Amino acid sequence: MEISFPLLMFKLFGKPFERGFFCDDASLKHPYMDSTVPSAVMYVVGILMPVSLMILTEFIHYRQSNGQVARIFMGRTIPPWIWNSYKVIGVFGFGVACSHLTTDVAKYSLGRLRPHFFAVCQPNIDCTNTIFKNVYIENFQCNSTNLHLIKEMRLSFPSGHSSFSACTMVYFAMYLQARMTWRGSKLLRHFLQYMCLLLAIGTALSRISDYKHHWSDVLAGIVQGSLAAIITVSIFGNQDRTHGGFFMLRLPSCFSSFLSDLLDNFVHLFSLPTPTYLH
1 MEISFPLLMF KLFGKPFERG FFCDDASLKH PYMDSTVPSA VMYVVGILMP VSLMILTEFI
61 HYRQSNGQVA RIFMGRTIPP WIWNSYKVIG VFGFGVACSH LTTDVAKYSL GRLRPHFFAV
121 CQPNIDCTNT IFKNVYIENF QCNSTNLHLI KEMRLSFPSG HSSFSACTMV YFAMYLQARM
181 TWRGSKLLRH FLQYMCLLLA IGTALSRISD YKHHWSDVLA GIVQGSLAAI ITVSIFGNQD
241 RTHGGFFMLR LPSCFSSFLS DLLDNFVHLF SLPTPTYLH
């Protein structure tokens with residue numbers, strides 16, 4: 001809930017940085033096209049599919065394992081698979097929300113123009129006039145009346161579709177590595193992981209072919225979303241190992257050591273000194 005509020009504020013009241021342009025910038029002269037992967041489809045697939053399969057996996061894992069202890073919450077007995085599903089989905093939602101917020105902060109702070117800038121904005125500048133050659137133009141008005149598209153045309157970097165799909169699919173692929181223990185097929189888990197990554201990459205590449213983003217926007221989105229998923233798992237997924245931690249996923253030792261040292265230094269930097277007492 002705490003992260004949802006700033007996300008809503010960005011959506012309703014956020015104003016992106018107003019960046020200028022050069023008339024001869026060919027990267028901004030692509031046509032406007034509808035999205036191959038609409039936002040609604042991306043959110044449904046990126047959230048409902050992992051959540052549904054995580055619940056199913058936890059239920060199967062519960063049926064195949066012994067020794068899982070039920071939890072008591074407000075006087076009610078909670079089955080272990082429901083409790084574990086709640087934990088993995090909660091961490092999943094937190095990681096996705098943090099990734100989304102990071103993307104929005106970058107988008108609104110940088111205000112990079114999308115490849116279809118000229119097609120959407122139709123600036124009131126005569127670029128055929130030689131006076132504007134090699135001139136960075138900041139003072140201009142858009143002739144278009146579509147205020148939504150005018151706002152969106154300044155939100156190119158990084159790609160939101162790329163960061164969201166990378167975060168959700170990388171997290172789910174790591175979850176499958178840790179929790180999918182079915183022995184019926186040795187390749188099923190890896191096939192599902194491959195399909196997750198393929199969905200993320202396909203969504204990201206569609207943003208380039210649709211002229212919604214520059215290639216660097218997409219690359220930055222993939223890196224940011226993937227890092228968000230990895231950091232979320234490394235920090236929250238490995239907690240409470242001694243009491244049946246729900247991920248039990250071991251990241252590479254060098255990466256885990258780096259994150260551990262980074263967090264320790266951060267805590268030490270902002271911790272208050274221990275008081276000394278005179279007797």
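For the sequence shown, UniProt numbering assigns the number 1 to the initial residue and increments by one for each residue that follows. We put the CB at the ideal spot given by N, CA and C, even for glycine. Predicted model, so just to flag it, every value in this text is computed and none were measured.
For this session: Measure from the alpha carbon of Met157 to the alpha carbon of each residue in Tyr211, Thr168, Val120, then state which is nearest.
Result: Start at 1 with the first residue of the sequence shown, and residue 157 comes out as number 157. This sequence places Phe at residue 157; Met is not what is there. Cα-wise, what sits closest to Phe157 is Tyr211.
Exercise. On the three-state DSSP scale, how would you describe Ile55?
Worked result: Walking along the sequence shown from the start, residue 55 turns up at place 55. Correct three-state label for Ile55: helix.
Exercise. Alpha carbon to alpha carbon, how far is Arg241 from Tyr32?
Worked result: The sequence position of residue 241 within the sequence shown is 241, counting from 1. The sequence position of residue 32 within the sequence shown is 32, counting from 1. Any reading at Arg241 is ruled out, since the residue's pLDDT is 48, under 50, leaving its predicted position unreliable.
Problem set entry | Contact under 9 angstroms by Cβ, Val96 with Phe164 | Taking the first residue of the sequence shown as position 1, residue 96 is located at position 96. Taking the first residue of the sequence shown as position 1, residue 164 is located at position 164. Yes, they are a contact pair.
Problem set entry | Buried or exposed by the 16-neighbour rule on C-beta atoms within 10 Å, applied to Ala182 | In the sequence shown, residue 182 corresponds to position 182, counting from 1. Residue identity check: residue 182 is Trp in the sequence provided, not Ala. Under this definition Trp182 is an exposed residue.
For this session: Counting only the same chain and skipping the five closest in sequence on each side, list residues whose C-beta sits under 6 angstroms from that of Asn119.
Result: Counted from its first residue, the sequence shown places residue 119 at position 119. Per the sequence shown, residue 119 should be read as Ala rather than Asn. If we look at Ala119 and ignore the five residues flanking it on each side, its Cβ neighbours are Pro31, Tyr32.
Exercise. Is the stretch 11-27 touching the stretch 121-139 in the sense that three or more CB pairs, one from each, lie closer than 8 angstroms?
Worked result: yes
For this session: Could you tell me how far apart the beta carbons of Ser144 and Cys121 are, in whole angstroms, since I believe they sit closer than 8 angstroms?
Result: Translated into positions along the sequence shown, residue 144 becomes position 144. Translated into positions along the sequence shown, residue 121 becomes position 121. Confirmed, Cβ separation roughly 6 angstroms.
Exercise. For Val267, does the count of other Cβ atoms within 10 angstroms reach 16, so buried, or fall short, so exposed?
Worked result: Along the sequence shown, one-based indexing puts residue 267 at 267. Confidence is the limiting factor: at Val267 the pLDDT is only 46, short of 50, which leaves the residue's position unreliable and the question unanswerable from this model.
For this session: Please confirm whether Leu219 and Cys196 have their CB atoms less than 9 angstroms apart.
Result: If you number the sequence shown from 1, residue 219 lands on position 219. If you number the sequence shown from 1, residue 196 lands on position 196. Contact flag unset, no.
Problem set entry | Rounded distance between the beta-carbons of Thr203 and His161, thought under 8 angstroms | As a position in the sequence shown, residue 161 is number 161, starting the count at 1. As a position in the sequence shown, residue 203 is number 203, starting the count at 1. Contact flag correct, Cβ pair sits at about 6 angstroms.
Problem set entry | Inter-residue spacing [alpha-carbon to alpha-carbon] between Ser44 and Ile131 | Here residue 44 is taken as the residue at index 44 of the sequence shown, counted from 1. Here residue 131 is taken as the residue at index 131 of the sequence shown, counted from 1. In the sequence as displayed, the identity of residue 44 is Val instead of Ser. For Val44 and Ile131, the distance between alpha carbons rounds to 49 angstroms.
Exercise. Straight-line CA distance for Met180 to Gly221?
Worked result: For the purposes of this step, residue 180 is taken as residue 180 along the sequence shown, with counting starting at 1. For the purposes of this step, residue 221 is taken as residue 221 along the sequence shown, with counting starting at 1. Cα to Cα, Met180 sits roughly 28 angstroms from Gly221.
For this session: Let me know the alpha helix (DSSP H) ranges lying completely inside the stretch 70-115, each 4 residues or longer, listed in chain order.
Result: Along the stretch 70-115, the alpha helix (DSSP H) occurs as fully enclosed runs of 4 or more residues at 80-110, listed in sequence order.
Exercise. Should Pro50 be labelled buried (16 or more other beta-carbon atoms within 10 Å of its own) or exposed?
Worked result: To locate residue 50, count along the sequence shown from 1; it is residue 50. Pro50 should be labelled buried.
Exercise. Do Thr102 and Ala229 come within 9 angstroms of each other at the CB atom, strictly closer than that value?
Worked result: Here the question's residue 229 lines up with position 229 in the sequence shown. Here the question's residue 102 lines up with position 102 in the sequence shown. Cβ distance not < 9 angstroms, so Ala229 and Thr102 don't count as in contact.
Exercise. DSSP three-state call for residue 282: helix, strand or coil?
Worked result: The chain is shown only over 1 to 279; residue 282 falls outside these bounds and no answer can be derived.
Problem set entry | For Phe21, the residue or residues it bridges with in DSSP | Numbered from its first residue, the sequence shown carries residue 21 at position 21. Bridge partners of Phe21: Ile137.
Problem set entry | Any chain B beta carbon closer than 9 angstroms to Thr203 | In summary, chain B is missing from the structure at hand, where a single protein chain is found.
For this session: For the alpha helix (DSSP H) containing Ile160, list its first residue and its last residue.
Result: As a working note, residue 160 is residue 160 in the sequence shown. Note that residue 160 corresponds to Gly in the displayed sequence, not to Ile. Unbroken alpha helix (DSSP H) run through Gly160: 160-179.
Exercise. With Tyr171 and Val223 assumed to form a contact (beta carbons below 8 angstroms), what rounded beta-carbon distance in angstroms separates them?
Worked result: By 1-based counting over the sequence shown, the position of residue 171 is 171. By 1-based counting over the sequence shown, the position of residue 223 is 223. Cβ atoms of Tyr171 and Val223 stay farther apart than 8 angstroms, at about 15 angstroms.
Exercise. Leaving out the 5 sequence neighbours to the left and right, which residues in its chain are closer than 8 angstroms to Tyr108 when beta-carbon positions are compared?
Worked result: Taking the sequence shown and counting its residues from 1, one reaches residue 108 at position 108. Closer than 8 angstroms at the Cβ level, and outside the excluded window around Tyr108, lie Phe10, Gly14, Lys15, Pro16, Phe17, Leu155.
Problem set entry | For Pro123: DSSP bridge partner residues | Locating residue 123 in the sequence shown gives position 123, where the first residue counts as 1. Note: Pro123 sits in a beta bridge opposite Cys142.
For this session: Assuming residue 282 and Ile47 form a contact by the criterion Cβ under 8 angstroms, report the distance between their Cβ atoms to the nearest whole angstrom.
Result: Here the chain covers residues 1 to 279 and nothing more, so residue 282 does not appear.
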